Amino acid sequence: MAEKEISIIHPRPSSIVAALYTLRDLNVDVAILHGPPGCSFKHARLLEEDGIHVVTTGLDENGFVFGGHDKLVQLINKSVELFNPKIIGVVGTCASMIIGEEMHDAVLEANPDVPVIEVEVHAGYHNNTKGVLFALESALDAGIIDHAEFERQKYLLEKATEVEKKFGAASKEYLAPSRGDVKYKAAKRVIQLLKEGKKGLVIMNAKKETGYMFADITLAVNEVAAALGKKENLINMANIDPELGLPRVRQHAENIIRDLKAHGIEVHEIIGGMDEYPVAGEKVSELIKEKYSDFDFAVITGVPHAIPMEYIKDMELISVTNGPRQVLPLKEMGHEYVLVEIDLHPKTLGVSEIVESEFGATLREIAKEA
1 MAEKEISIIH PRPSSIVAAL YTLRDLNVDV AILHGPPGCS FKHARLLEED GIHVVTTGLD
61 ENGFVFGGHD KLVQLINKSV ELFNPKIIGV VGTCASMIIG EEMHDAVLEA NPDVPVIEVE
121 VHAGYHNNTK GVLFALESAL DAGIIDHAEF ERQKYLLEKA TEVEKKFGAA SKEYLAPSRG
181 DVKYKAAKRV IQLLKEGKKG LVIMNAKKET GYMFADITLA VNEVAAALGK KENLINMANI
241 DPELGLPRVR QHAENIIRDL KAHGIEVHEI IGGMDEYPVA GEKVSELIKE KYSDFDFAVI
301 TGVPHAIPME YIKDMELISV TNGPRQVLPL KEMGHEYVLV EIDLHPKTLG VSEIVESEFG
361 ATLREIAKEA
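Using full-length UniProt numbering, the first residue of the sequence shown is number 1, and each one after it goes up by one.
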């Protein structure tokens, strides 16, 4: 008998928002939301901090009934006039999809002289990765990405969904949000482990731009280890391969590599690209089995629940996530300390260099007393 899908009752990410972020990663200049003015408001504002113009057709009650074809045509033309874009994205919403709005007809009528990525999506999908997939399918049709990259992205999306259902925020019917363990206590423990000469892995397995803050934790742990004369006891791993991913994702990797090098931090093992967080754990497991099985502790940042427990279960685990609903699943997996960088997302949009984390700042302050 097939396993029954659990009914998740805590809020879940939106496929509309996932489509918007994918357009951002494809370096779309303007994203047009065809729907109510308040749809995806918070994320639309955040994305504008990241260099993409997000505009809306602002459908009202009248539009919910009679559609907004003319408004969409006008807004496409207005966007070309105002922003001179190289690529435009047009994204559906619950309202426009329910009434069956034909966005493609509006695009044909406007006929802008640039590629248009049309994403017919709503927020009713249980897995927000649907929004990513629809955006990528349209990007493939528009010639923005090739078939090989599409298939690669599709595989990663399947793996991301699998990880979330097994160990993430989709693993239980209800997960209460939590701020996790006290950062002061975890920082004290990391410093104690370093002082005792314990060998540690510093593993960054970050999702795209979140790496700008998670990389700071790699930086801070290495700075503290160097100050204690224990830097040789650390091995740094990170999913920062600059040759993999959509255009903006590759740029994030290049920027983080640059900043780590500027601080004299060596990344001993590259475990994948910044969109490969759901599968990078397989590489981590291989490396530990072959070279690092005798290490005592690991500081894991980004998406720690994507790292299989098989070869890290005997290490002391200090993990840092930005998901308040990820604390309990990680504790159940066996992570001793689970920390949450609660304000990570707004602080890592629109940046191109490493941003200080709360845990990194805490480590640095406590190290001054050590």
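Don't be surprised by glycine CBs; every beta carbon is placed ideally from N, CA and C.
Since this is a predicted model, take the numbers as computed values, not measurements.
Cα-Cα separation between residue i and residue j, rounded to whole angstroms
i	j	result
I271	S96	41 Å
T218	A367	15 Å
L339	V182	7 Å
G302	E269	16 Å
G252	V327	It is worth fixing the name first, because residue 252 is His in this sequence and not Gly. Whole-angstrom Cα-Cα distance: 26 Å.
K283	P115	37 Å
V267	M204	10 Å
K291	I307	16 Å
E365	H335	24 Å
V320	H34	36 Å
N27	L140	14 Å
D343	V355	11 Å
V351	H263	18 Å
E196	I318	16 Å
M333	M309	7 Å
T161	E369	43 Å
N255	I52	19 Å
A280	L46	28 Å
S7	E173	6 Å
H104	S138	11 Å
Integer-rounded CB distance, given that residue j should sit under 8 Å from residue i
i	j	result
E119	V91	Contrary to the premise, residue 119 reads as Val rather than Glu in this sequence. Right, their Cβ atoms sit about 5 Å apart.
G245	D275	5 Å
I88	V30	5 Å
S178	P85	At roughly 41 Å, the Cβ-Cβ gap does not stay under 8 Å, so S178 and P85 are not in contact.
I16	G131	6 Å
L156	P278	6 Å
D54	S79	Residue 54 is actually Val in this sequence, not Asp. Going by Cβ atoms, the distance from V54 to S79 rounds to 10 Å, so no, they are not a contact pair.
A18	N128	4 Å
Closest by C-alpha distance to residue i, when choosing among the options
i	options	result
I265	A206, G245 and A225	A225
A135	S357, L23 and H268	L23
H345	S15, P36 and D50	D50
I191	V299, V121 and G89	V299
A169	V73, H53, E336 and K331	K331
A220	N239, N322, E358 and G58	E358
K198	G63, D294, P37 and A44	D294
L72	H10, T57 and K86	T57
E341	P329, E369, N322 and V355	N322
I288	H305, Y311 and E356	Y311
L133	I144, N111, Y337 and E158	E158
G124	T93, L108, L75 and S138	T93
M315	M333, P304, D296 and M309	D296
I235	T210, V107 and G200	G200
A186	L363, E151, F150 and I257	L363
P242	L260, G229, A227 and G273	G273
N77	A176, E223, E109 and T210	E109
E102	E162, G67, H122 and T161	G67
G229	Y184, F214, Y212 and L193	L193
S14	S7, C39, I32 and D25	C39
A361	K165, H147 and Y184	Y184
Y21	H43, P11, H10 and R12	H43
Residue i, DSSP secondary structure in three states
i	result
E316	strand
V351	coil
residue 372	The structure shown does not extend to residue 372, since the chain is modelled only from 1 to 370, so the question has no answer here.
I203	strand
I191	helix
Y174	coil
I217	helix
A169	coil
M1	Because the pLDDT of M1 is 38, which lies under 50, any placement of that residue in the model is unreliable, and the number read from its coordinates should be weighed accordingly. M1: coil per DSSP, three-state reduction.
L344	helix
L339	strand
N255	helix
N322	coil
I144	coil
K197	First, the residue type needs correcting, since residue 197 is Gly and not Lys in the sequence shown. If DSSP states are grouped into helix, strand and coil, G197 belongs with coil.
G360	helix
G211	helix
Runs of alpha helix (DSSP H) lying entirely within the UniProt domain "Nitrogenase/oxidoreductase component 1" (21-142), each at least 4 residues, in chain order: 41-49, 61-66, 69-83, 94-98, 103-110 and 129-141
Inside the segment 270-313 only - beta strand (DSSP E) runs reaching at least 3 residues: 297-302
Which runs of the alpha helix (DSSP H), 4 residues or longer, sit entirely within the segment 218-246? none
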